[in-house]
Every structure is written in structure tokens, then in C-alpha cells.
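Number of protein chains: 2
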Amino acid sequence: MPADRLLQRRVPRWPAATLLCLWSLLCMASGSLRGTGDLGVVIGRADGSLTVIETTHRTALGRIDGLGDLSHASVVFSRDERYAYVFGRDGGLSKVDLLRRRVEKRIVQAGNSIGGAISQDGRVIAVSNYEPGGVRLFDAASLDPVAEIPARSGEGGKRSRVVGLVDAPGDRFVFSLFDAGEIWLAEAGDPGQPVITRFPGIGRQPYDGLITPDGRYYIAGLFGEDGLALLDLWHPEAGVRRILDHYGRGEQALPVYKMPHLEGWARAGDYLFIPAVGHHSVLVVDPHEWKEVTRIALHGQPVFAMARPDGRQVWVNFAFPDNDTVQVIDVDRLEVVRELKPGRAVLHMEFTPRGEQVWVSARDDDRVVVYDTATFGELARLPVPKPSGIFLTARAHRIGL
Amino acid sequence: MPADRLLQRRVPRWPAATLLCLWSLLCMASGSLRGTGDLGVVIGRADGSLTVIETTHRTALGRIDGLGDLSHASVVFSRDERYAYVFGRDGGLSKVDLLRRRVEKRIVQAGNSIGGAISQDGRVIAVSNYEPGGVRLFDAASLDPVAEIPARSGEGGKRSRVVGLVDAPGDRFVFSLFDAGEIWLAEAGDPGQPVITRFPGIGRQPYDGLITPDGRYYIAGLFGEDGLALLDLWHPEAGVRRILDHYGRGEQALPVYKMPHLEGWARAGDYLFIPAVGHHSVLVVDPHEWKEVTRIALHGQPVFAMARPDGRQVWVNFAFPDNDTVQVIDVDRLEVVRELKPGRAVLHMEFTPRGEQVWVSARDDDRVVVYDTATFGELARLPVPKPSGIFLTARAHRIGL
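Protein chains in written order, with the working numbering: chain A, 16 to 416; chain B, 16 to 416.
Put into C-alpha cells, the structure is as follows:
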């Protein structure tokens with residue numbers, strides 16, 4: 016081949032390569048770039064997977080596998096709403112990149128764990144463990160261990176199982192010691208040296224905890240004992256007091272199919288809506304006096320009572336055998352105004368942050384159903400194998416989750 | 016050059032181009048991909064620019080120019096937290112891509128406009144205009160016009176200037192007619208055919224409006240008249256009633272350096288904190304009775320009273336000549352606990368969504384100062400020419416902004 020022909024051939028090839036390169040760059044730049052404020056994840060409890068969803072067009076974007084035992088999993092999000100931190104029952108802590116849809120890092124930090132939280136500044140992940148009992152703190156970027164709080168108490172300093180772990184303003188974490196009957200407040204401003212304040216003698220077997228949406232009141236539920244333990248974080252010096260003396264399993268020892276999650280309490284309008292333990296009703300409580308105002312009869316034993324973000328509705332799901340049903344309470348009228356049947360074994364519900372949609376998981380029908388909360392019309396139905404918890408990135412901006 | 020030498024030279028060039036291409040792809044993929052939950056914008060009022068900021072490392076990411084007259088600008092965000100919609104005084108409506116940091120689209124939709132809102136479902140942008148008076152609705156994706164609400168009232172059907180436009184649950188917008196003394200409620204579920212409910216005779220010259228964070232109560236301030244107009248959106252059939260009879264300019268005709276923005280009302284703890292008009296104080300109001308509980312003496316005439324998201328603090332800035340100062344009220348003690356001097360002409364403040372930081376603009380010192388709200392320590396200081404409003408993407412998830 017003569018040199019001049021070779022030269023002729025060389026000329027067009029470089030522009031072709033350049034064009035290919037530019038085209039690829041454009042694809043990468045346009046295809047992957049997206050906002051993260053409308054994303055979320057659905058836990059697939061059977062196969063240890065996450066389904067990444069988006070609420071603008073109400074679609075599934077993809078799946079992420081390899082997250083271990085997610086039979087009692089929960090999720091928090093990084094403050095930029097890009098990463099999900101997944102707490103597995105098996106002690107696994109996974110950092111998942113929602114944009115690349117892959118596991119960024121995964122560690123198994125304990126033998127049996129129950130949940131976690133992210134600090135107010137987003138720098139620390141805390142995990143509450145059953146085995147070994149206590150709380151462990153990790154760097155949110157690297158998942159490197161930062162500190163351990165063994166939660167030792169009583170004679171011999173046995174480690175207690177820890178439940179009801181939440182974040183609180185001031186880079187604090189609050190949690191309850193199931194075996195010791197204590198609430199602990201950990202200040203993690205210097206996360207390597209958390210400063211602990213102990214509140215002993217709060218009652219037997221705290222089984223779960225919550226913090227009010229403003230981050231002020233921490234409440235622990237007591238298993239096998241009536242009443243709840245309340246700590247006012249604006250006045251920790253006042254100690255823990257007992258509220259709602261009649262709340263709990265009670266002396267009648269009702270058959271309880273599932274202890275209600277305390278994160279299944281709704282603040283709506285001027286009231287708290289609290290699932291009654293073992294009863295087919297929700298309690299309406301005045302949070303200023305911590306007294307019951309009324310109770311609303313329901314279809315079954317409530318598990319979660321969730322407030323629509325504007326507080327006009329509370330949506331309730333139920334324990335077995337009534338777990339194919341969701342009821343909607345109108346907060347203004349204090350009565351049930353709608354009953355829906357999303358599918359068998361409704362495990363969880365999540366509202367979009369401004370409340371126009373609610374996402375509902377129906378485990379035994381392998382689907383997630385999305386409703387319009389104004390019309391109760393079905394907006395979408397997504398196939399997800401054995402879905403349980405649904406978590407939207409808007410949680411990144413909230414206190415106490 | 017002989018052909019064999021040309022061939023030799025060709026071989027290594029293709030891998031080099033490929034490597035360059037791959038490297039570029041990697042750069043694009045890693046450098047541009049990011050979450051959008053920690054982003055925000057600062058309005059540069061002198062030159063019509065936006066500075067894009069992020070609150071994780073507290074830096075400026077870049078500038079966007081060409082946004083027209085931003086001397087009284089406000090911003091809302093798309094539900095995915097990727098796009099900012101900027102409402103300029105000159106009637107400009109700009110859609111800005113925070114990831115690419117460029118103006119996606121810009122229209123001039125009126126001669127003089129005062130603010131805007133985004134519908135609950137994120138599909139509609141509403142703008143309130145002075146000239147011509149009324150509200151215009153636009154498609155949030157394309158900025159194509161969707162509907163016009165001319166806000167005609169009285170004899171001759173003159174168009175009124177519109178103020179105090181907010182979104183409300185149920186894809187509604189609420190706004191006030193300055194010239195007509197009316198509140199209008201527009202249901203925009205079918206945005207091309209908004210359904211209007213009028214509330215006439217609410218008082219003279221409503222100059223601004225707000226909606227409570229739950230989206231229930233709409234309140235209009237009345238210029239030159241005492242009291243405020245309240246509409247309960249849970250009970251629009253009950254009509255508008257007058258509250259806080261002593262709120263306003265009053266009979267003493269005090270010199271008012273700047274009418275307080277009604278969006279400068281804070282809900283914190285059990286109370287509303289409301290800048291007093293013309294007085295050096297903030298009113299503390301019980302929102303159940305709409306009665307004044309007490310008032311707190313301050314350094315100057317308050318402009319904005321902003322609640323830290325957990326409600327434990329209210330931060331206040333002031334009108335000229337006291338506008339170099341910010342005071343912090345402790346909500347539990349109902350007293351000023353701190354005074355800061357961020358710079359000359361403090362125009363706006365914005366909290367991160369979980370409240371650990373507050374960003375403050377000091378226009379005449381051309382800087383934005385970031386404080387730790389727990390320690391009041393300065394976390395960062397960013398040079399921004401003539402900064403005014405600061406808006407973080409977390410607003411995308413809130414009602415009534």
C-alpha cells in the first residue's frame with residue numbers, strides 16, 4: 016500500500032474515534048446523572064436484595080443483591096441522598112450507592128443486630144446489636160470502626176441487648192437496654208470518645224423506642240409491663256418518667272400477634288396515634304399531657320400507624336390474620352374513612368415527602384402498590400419478590416429515623 | 016515517509032486514544048455523579064447569578080450567570096432535587112440544572128413578578144405576578160405555559176397584583192390579591208383547568224402570605240391594617256377569619272423599615288414566633304387560640320424569625336440600621352441566648368434540614384457565613400458577591416414553600 020493511501024485512510028479515523036469518545040461521554044453524562052431526591056429502596060427479605068425505585072415516574076430502576084439476611088432490615092441515608100446504609104439481621108452493615116446501584120462496602124459487624132441510625136452531621140453510623148450486646152459506631156464514608164459502647168450493666172457487667180436506637184439533635188444517639196431496663200444517651204460530637212449518660216430503672220424489658228419528629232422526646236415501650244418510659248431531651252436532668260399507664264400488654268395477657276413497632280407511631284394534627292397492643296384499635300393521645308383522648312376501632316391489631324406528611328390522614332396496617340388490609344383514618348374527623356386491600360401480608364408503608372403518594376408492600380403477593388392519597392386510586396403496581404420495608408431518600412433530611 | 020514506518024506509528028496511537036477515552040469516561044462517571052440532597056443555591060443579587068453550594072464539605076461548587084434581575088428572587092426545587100426554579104423580579108422564570116450547573120431554560124413570563132411555588136406532585140410551577148396581575152402556571156419539565164389565572168376582581172374586572180403564593184396539599188395553590196383584598200384557592204389537579212375558590216373581603220392590601228408547615232392554615236398579612244386573615248384549608252367552607260387583632264402597623268404609624276416577610280414566621284416547640292411590625296420584638300403566639308402568649312425584646316426590627324428544624328432555637332435577623340446582627344432565641348427559655356455579627360446587611364438565613372448548620376448571607380461584606388448551631392462556632396466563610404437568599408434542595412421535600 017503506498018504511503019499516500021495510508022495517509023488518506025488515517026485522516027478520517029481520528030475524527031471517528033473522537034466522535035465515539037464524545038458520544039460515550041455524552042451518554043455517561045446524561046444517562047447516569049440524575050437527582051437523588053426522588054429515590055428509594057424496597058427490601059427484598061427472601062433473597063437479601065434491594066430494589067431501587069423512583070417516585071417521579073413510579074418505576075423500579077434496578078436491583079442490588081448480596082446484602083445477606085434482610086428479614087428484619089432497616090435503612091438510613093447519607094445526607095446527600097446518594098448512599099443507603101442497610102442494617103441486616105445478621106449483623107451486616109452495607110453501604111449501597113443508589114446511583115451506580117452497587118454495594119460500595121459491606122461489613123459484618125456483629126452476630127445479630129436490630130437496627131441503626133446516622134448522626135445529625137452525617138459522619139457516623141451507629142448500629143444496635145443483640146450479639147454481642149451494645150452499640151457500635153462506624154465512619155459513614157469508610158465504614159471503619161470508630162467506637163464501641165458495650166452497654167454493660169448490673170452485677171458482672173453483662174452486655175445488654177440494645178433496641179430502639181435513634182439519632183437526636185446535637186450528634187447524639189439514644190437507645191434502650193433490653194436486658195438491663197435502661198435508657199442511654201450517647202453524645203458523639205467526638206465519635207471516637209462518646210460520652211454516655213445512663214438512665215437506669217426505667218422499667219422491665221424495653222423492646223423498642225422512638226423519638227418525636229422534632230427530636231425532643233424519646234419514648235421506650237416496655238414488654239410485659241404497662242406504661243411507657245419518657246425522656247425529655249431538652250431536660251435530661253429531670254430523668255425518665257412513666258406515661259400512658261394503661262399502654263402495654265396489660266393484665267389480661269391478650270394474644271399479641273406482633274408487638275407494634277414504636278416507629279409506627281404517628282404525629283398528626285394535635286395528636287399522637289398509637290397502635291394499641293393486642294387490641295383492634297389505635298389510641299389517640301394528647302402529647303402535651305401524655306393522656307389518651309380517645310381510641311378508634313379498627314379492622315385488626317395495628318402494626319404501623321403512619322401519618323401522611325401534612326397530618327390529615329393516618330394509614331394503618333395490621334398483624335396476621337388481618338394483614339391484607341390497610342385502613343385510612345381522617346385526622347380531622349377521627350374516624351376510618353377508607354379501607355384498601357393492597358395484597359396479602361402488607362408489611363410496610365412509606366409516604367412521599369410531600370404526601371401525595373404512599374407506597375405499600377404486600378409480601379405474599381410479591382408486589383408494591385402505589386396509591387394517590389387524595390383519591391385513593393392506584394397509581395402503580397411493581398413486581399418485587401417478597402417486599403418488606405420501603406425507605407425513601409427524603410428520610411436523609413429528617414431527625415430521629 | 017515510507018509506508019512501513021507509517022504503519023509502525025499507527026499501532027500505538029489507537030490504544031492511546033482508547034485509553035484517553037476510557038479515562039475521560041471514568042472522570043465523567045465519577046466526577047459528575049453525585050447526590051443532590053446536600054446542594055443549594057445562593058442568590059447573587061447584584062449580577063443576577065447563582066452560586067451552587069454543598070453543605071457536606073461547605074464549599075461553593077460553581078456559578079451560574081444570566082438569570083436577570085434577582086433583586087427580590089426566590090427559588091423552589093424539583094422533587095428529585097436536581098433542578099432549581101428561580102423566580103426573578105423582572106418576570107423571569109429560569110430552570111437551572113444543579114448537576115450540570117447551567118440554565119436549562121429561561122423565559123420571561125411577565126413584566127414584574129414576586130414569587131412562585133411548585134405543586135405537590137412536582138408537575139406544575141406557579142408564578143405570582145404584579146404586571147400583568149395574576150398567576151401563571153407552567154409545566155415543570157418544559158416551562159411551557161399551562162394556564163393563566165388573571166385574578167380579576169371588582170367593577171371592571173381589573174387584574175390584581177398577586178402576593179403570598181404557596182403550594183398546599185392536594186395539588187393546590189393559595190395566594191392573595193393585593194389590590195382586591197381577597198384570598199384565592201386554586202385546585203390544579205388538572206393544571207390546564209384550575210378550579211378557583213374566592214374568599215373576598217379579607218381586609219385591605221394583603222401584602223404577603225404563608226402556610227403552616229403542615230399545609231393546613233394559610234395566613235395573609237394586611238398592610239396598613241391591624242390583624243391577619245386566616246384560612247383553614249381543612250375547612251374552607253368556614254371562610255376567612257381575622258386573628259391577632261393587634262398585629263400590624265397599628266394606629267401609632269410606627270416607622271417600618273421593612274415589612275416582615277410572612278415566610279419569616281417560625282413554628283417552634285408549641286408556639287409561633289412572629290416578627291412584630293415596627294417594634295423591636297418578636298411575638299410568641301399560641302397557634303391553637305391564635306393569641307399572643309408573650310413577646311421577646313430584640314436588638315432591632317426583626318425581618319426573618321427562622322426555627323432550627325428541631326424547634327429548640329429561633330434565629331432572627333433585622334432591618335436597617337441593625338442589620339449586621341443575628342440573635343438566637345432559646346425556645347425552651349423564651350429568651351435571647353446569643354448574638355452574632357456575621358457581617359453587614361444580613362439578608363437571609365437557611366438551616367440544613369436536620370439543623371446542625373445555618374447559612375447566613377451578609378450582602379455588604381460579600382460573604383456567606385456558616386455556623387454550627389450547637390456551639391455557635393463559625394464552620395466556613397465563602398466569598399459570594401452581594402449574596403441574598405439562600406435555598407437548600409431539602410426544600411423540595413417540604414410543603415408550602
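We treat Cβ as the ideally placed atom computed from N, Cα and C, and that holds for glycine.
If you're wondering where the values come from, they're calculated on a predicted model, not measured in any experiment.
So, is the C-beta of residue i closer than 8 Å to a C-beta in chain B?
| i | result |
| --- | --- |
| W330 of chain A | no |
| G242 of chain A | no |
| S157 of chain A | no |
| H412 of chain A | yes |
| P324 of chain A | yes |
| S93 of chain A | yes |
| D80 of chain A | no |
| I119 of chain A | Here residue 119 of chain A turns out to be Glu, not Ile, going by the sequence shown. No, because no Cβ of chain B sits closer than 8 Å to the Cβ of E119 of chain A. |
| E202 of chain A | no |
| K401 of chain A | no |
| P206 of chain A | no |
| G52 of chain A | yes |
| L397 of chain A | no |
| S89 of chain A | no |
| D301 of chain A | no |
| E96 of chain A | yes |
| L349 of chain A | no |
Give the range of the beta strand (DSSP E) segment to which residue i is assigned.
| i | result |
| --- | --- |
| I217 of chain A | Premise fails: I217 of chain A is in no beta strand (DSSP E) and is neither H nor E. |
| W374 of chain A | 372-377 |
| L407 of chain B | 402-407 |
| V292 of chain B | From DSSP, V292 of chain B is part of no beta strand (DSSP E); its letter is neither H nor E. |
| V57 of chain B | 54-59 |
List the residues that DSSP assigns as beta-bridge partners of residue i.
| i | result |
| --- | --- |
| I129 of chain B | DSSP output for I129 of chain B lists no bridge partner at all. |
| H363 of chain B | B:S376 |
| K356 of chain B | Bridge partners of K356 of chain B: none, in fact. |
| R328 of chain B | Note that residue 328 of chain B is Gln in the sequence shown here, rather than Arg. DSSP, once it has assigned bridges, lists B:D345 as partnering Q328 of chain B. |
| R73 of chain B | Note: R73 of chain B sits in no beta bridge, so no partner. |
| P317 of chain B | B:F333 |
| E307 of chain A | A:V300 |
| R282 of chain A | A:L287 |
| S143 of chain A | A:G130, A:V150 |
| L48 of chain B | Beta-bridge pairing links L48 of chain B to no other residue. |
| A322 of chain A | A:V329 |
| P398 of chain B | B:R382 |
| R256 of chain B | B:L245 |
| L65 of chain A | A:I58, A:I79 |
| R121 of chain A | A:S109 |
| A312 of chain A | A:S296 |
| D339 of chain A | Per DSSP, none; premise fails for D339 of chain A. |
Counting only C-beta atoms, is residue i closer than 8 Å to chain E at any point?
| i | result |
| --- | --- |
| W249 of chain A | Although the question refers to chain E, the structure presented lacks it and instead comprises the protein chains A and B. |
Using a beta-carbon distance below 8 Å, is residue i in contact with chain A?
| i | result |
| --- | --- |
| A389 of chain B | yes |
| E304 of chain B | no |
| T71 of chain B | yes |
| A281 of chain B | no |
| E393 of chain B | no |
| G77 of chain B | no |
| G370 of chain B | yes |
| R382 of chain B | no |
With a threshold of 7 Å (Cβ to nearest heavy atom), would residue i be considered close to the ligand SAM?
| i | result |
| --- | --- |
| L158 of chain A | This structure lacks the ligand SAM, and indeed carries no ligand of any kind. |
Ranges of the alpha helix (DSSP H) found wholly within the region 158-236 of chain B, counting only runs of at least 4: none
Could you tell me whether the region 168-188 of chain A touches the region 153-160 of chain A, using the rule of 3 or more Cβ pairs below 8 Å? no
Kindly provide the ranges of any beta strand (DSSP E) runs that are 3 or more residues long and lie completely inside the region 77-116 of chain B, ordered along the chain. 89-92, 98-102, 107-112
Using a Cβ distance threshold of 8 Å, determine whether the region 304-316 of chain A contacts the region 357-372 of chain A, with at least three qualifying pairs required. no
How do the region 79-87 of chain B and the region 376-387 of chain B stand: do at least 3 beta-carbon pairs fall below 8 Å, yes or no? no
Cβ contact check for the region 200-212 of chain B and the region 148-155 of chain B: 3 or more pairs under 8 Å: yes
Under 8 Å: do the region 67-77 of chain A and the region 118-136 of chain A share three or more Cβ pairs, one atom per stretch? no
Between the region 285-304 of chain A and the region 223-238 of chain B, can you find at least three pairs of beta-carbon atoms closer than 8 Å? no
Under 8 Å, with one C-beta from each stretch per pair, do the region 127-135 of chain A and the region 185-195 of chain A reach the 3-pair mark? yes
Using 8 Å as the threshold, is the region 340-350 of chain A in touch with the region 192-201 of chain B, meaning 3 or more CB pairs across them? no
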